[in-house]
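Protein sequences, first through last, are from chains A and B.
Per the UniProt record's numbering, the very first residue in the first sequence carries number 1; after that it's consecutive.
Per the UniProt record's numbering, the very first residue in the second sequence carries number 1; after that it's consecutive.
Note sheet for the following structure.
Number of protein chains: 2
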Amino acid sequence: MQSYTEENYLKIIYHLSVISNPVQTNAIAERTQTKAASVTDMLKKLSDKELVDYVKYQGVTLTEKGKLMAINIVRKHRLWEVFLVEKLNFKWDEVHEVAEELEHINSTLLTERLDEFLEFPKVDPHGDPIPDQYGNFADLSFIKLSKLKVNDKGTITGVSEHSSPFLKHLEKLGLTLGKKIEVSEIIDFDGSVELLIDYKKINISREVALHILISK
Amino acid sequence: MQSYTEENYLKIIYHLSVISNPVQTNAIAERTQTKAASVTDMLKKLSDKELVDYVKYQGVTLTEKGKLMAINIVRKHRLWEVFLVEKLNFKWDEVHEVAEELEHINSTLLTERLDEFLEFPKVDPHGDPIPDQYGNFADLSFIKLSKLKVNDKGTITGVSEHSSPFLKHLEKLGLTLGKKIEVSEIIDFDGSVELLIDYKKINISREVALHILISK
DNA sequence: AATATTTTTTAGATTTGTCTAAATTTAAAA
DNA sequence: TTTTAAATTTAGACAAATCTAAAAAATATT
C-alpha cells in the first residue's frame, strides 16, 4: 500500500511523461511544490519499490506497475469529478481541489460502485477520458474542442449540450455538424478560442468550446 | 487546519467521552492502535492548540472548539455512510472503513451539497443521529430497537422498512405499533435480540431490530 | 499506612517527507 | 575545447508521529 505522498508523485510523473519522457527532477519539484532535493529522495524510494525506473541525472519513467497505479488514481480523480458535477452540481472549475483529495481513497468496491452509479462515464467534465479498472482508455472518436491546441484541425461531430439556446447560438456562428475547423489562437485570459472556419476567423467562449465535440 | 491524525484523535476522544469524562490515556491508546506514550505526546499538542483541556495524569476533555471539530467529522462520517448505503448499495456492515477515510475530506461545499443530495438525512444506516452543520443533533423522538441496551424499555412507534413480508412478520410476532417492549438479552454471536413483550419472551434477528423504531 | 499494581509520563530513538547548503554532473556558450 | 551556467544529487538537519524502556504518579491491596 502506497502513502498519499507516493501516490501523488506517481500521478504527477504520469502526467508529466506525456510531455517529456523521461521526466526531469525539476519538473516534478515544480508540480509537487517541493524542492529538487526532496524529489531525488522520493525517486530513490519509488525506485526501490520498483514503481519507477530511475537513472541518476537522467530522470524517471514509470514501470508497468507504477503506471497502473498512476492510472488508477487518474481514474478515481475523474470519476469523482463526474460525481461532483453531475450529482452535486459543482461547477467544472470547482471540482479539482476536492477531487485531488478524493482520488486517494482506496476502496475497489467504492470505485467500481461509483463508476456504476455514474453509469460508466467515458470522459470527465473537462473532456478528459476515464480509464477502465484495468487501465485501458476507450479510444474516443471525438474530443472536446476545448482540448485542441493552436493549429489543431478537426471536424465538428457532435455537442455535449443540447439546449436550444446553445444550438441556435452554434447555428448562428456557422458551427454545424460536419464543418471543418482549425484553432488559430487560444486566449489565456478567459480561455476563449479563435477558430478558422470557411476561411473566416470567429471567436467562441470557453463555455461554448467545452460543448463542441471534434473528430480529427 | 488539522492533520488527519489530529482529526482522528479528536473524533476518538469525542466518542469516548460519552462513556467516561475526562477520557483516559489508555482508552485512547487502545482505540488509536498506538501506545500510551504516543497518546501523551499528542494530547500535549492538541492542548497547545486549545482543542482539548488536558491535565497530567487526569485525562482530557474536548474544548468547545475541539468538540465542534469532532462533531463535524462525525457528521461527515455519517453522511458518507448514508451515501454508500443509499446510493452505492453498500451493505450496512461494509461502510465503516471507507467512511473512516471519507470523513477526512475537508470541503464545506462538498459536505453541504452531499447533505442536500441525500435529502438531509437525520440518521445514518446504523440509526445514529447526524448533526447539522452547526453541530446540533436533532432530538429524535425515536431510536432503532437495535440501539437499545439490555433492560432498556420503550414503545414501538414506527418502522424503517415498509415491505409487506416484513410487516407481516412483525404482525405475527405481536410487534405492533404502541406495544411496550423491554430488551432482556442481546446475543453477541449474531446480534439478535430477546424481548419481553406481553409478559412473553420472543427473539428477533438483528435485521428485524434494525427496522423497528422505539420511543422511550 | 505501607506496599504493590496499574496508569501515565519522560527520555531518547526511529521513520517519513521535507529542507538548506554544498558538491557533482550534464548541457550550453564562448 | 574550455568555461560558464543549469540541473541534479549528497550530506546533514528538522518536524510529525510513532516507538521502547525507565521513571513518576495515582490507585488498589494487604
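Beta carbons: idealized from backbone N, C-alpha and C, even for Gly.
At a CB-CB cut-off below 7 Å, which residues of chain B make contact with residue i?
i, result
"K87/A", "F117"
For residue i, collect the residues of the same chain with a Cβ closer than 6 Å to its Cβ; drop the 5 residues on either side in sequence, then sort them by chain order.
i, result
"A27/A", "L16"
"K216/B", "G154"
"G135/B", "L68, I71"
"S141/A", "S215"
"F137/A", "P129, P131"
List the whole-angstrom C-beta distance separating residue i from residue j, where the pair is believed to meet the contact cut-off of C-beta under 8 Å.
i, j, result
"V52/B", "L62/B", "6 Å"
"L177/B", "I156/B", "6 Å"
"A209/A", "S160/A", "About 11 Å separates the two Cβ atoms, so there is no contact after all."
"H104/B", "Y4/B", "5 Å"
"I202/B", "L173/B", "6 Å"
"G66/B", "L88/B", "Not quite, the Cβ-Cβ distance comes to about 32 Å (not below 8 Å), so this is no contact."
How is residue i classed by DSSP in three states: helix, strand or coil?
i, result
"S192/A", "coil"
"I204/B", "strand"
"K91/A", "coil"
"E101/B", "helix"
"K45/A", "helix"
"E6/A", "helix"
"I187/A", "coil"
"S17/A", "helix"
"K109/A", "Going by the sequence as given, residue 109/A is Leu instead of Lys. Looking at L109/A - three-state DSSP - the assignment turns out to be helix."
List the residues that DSSP assigns as beta-bridge partners of residue i.
i, result
"V52/A", "L62/A"
"S215/A", "T155/A"
"K144/B", "L213/B"
"E182/B", "K153/B, L196/B"
"P129/B", "V123/B"
"residue 256/A", "Since the first residue shown for chain A is 1 and the last is 216, residue 256/A is missing from the structure and cannot be characterised."
Note down, in chain order, every chain A residue with its Cβ under 9 Å from the Cβ of residue i.
i, result
"I105/B", "V98, E101, L102, I105"
"R113/B", "L84, K87, L88, N89, F90"
"E94/B", "L109"
Just to confirm my understanding: we take residue i, look at its own chain, exclude 5 residues before and 5 after, and list those with CB closer than 8 Å. What are they?
i, result
"K35/A", "A29"
"residue 226/B", "A query on residue 226/B cannot be resolved here, the shown segment of chain B reaching from 1 to 216 and no further."
"I12/B", "I28, R31, T32"
"K44/A", "Y54"
"F166/B", "V159, V208, H211"
For residue i, which residues in the same chain have their Cβ closer than 7 Å to its Cβ, ignoring the five residues on either side in sequence?
i, result
"V82/A", "L118, P121, D124, P125"
"L185/B", "According to the sequence as given, residue 185/B is Glu; it is not Leu. The answer, listed in chain order, is V150, E194."
"D115/A", "L79"
"E112/B", "Q133"
"S192/A", "N203, I204, S205, R206"
Residue i: beta carbon under 8 Å from a heavy atom of the ligand GTP?
i, result
"L109/B", "The ligand GTP is not part of this structure, which contains no ligands at all."
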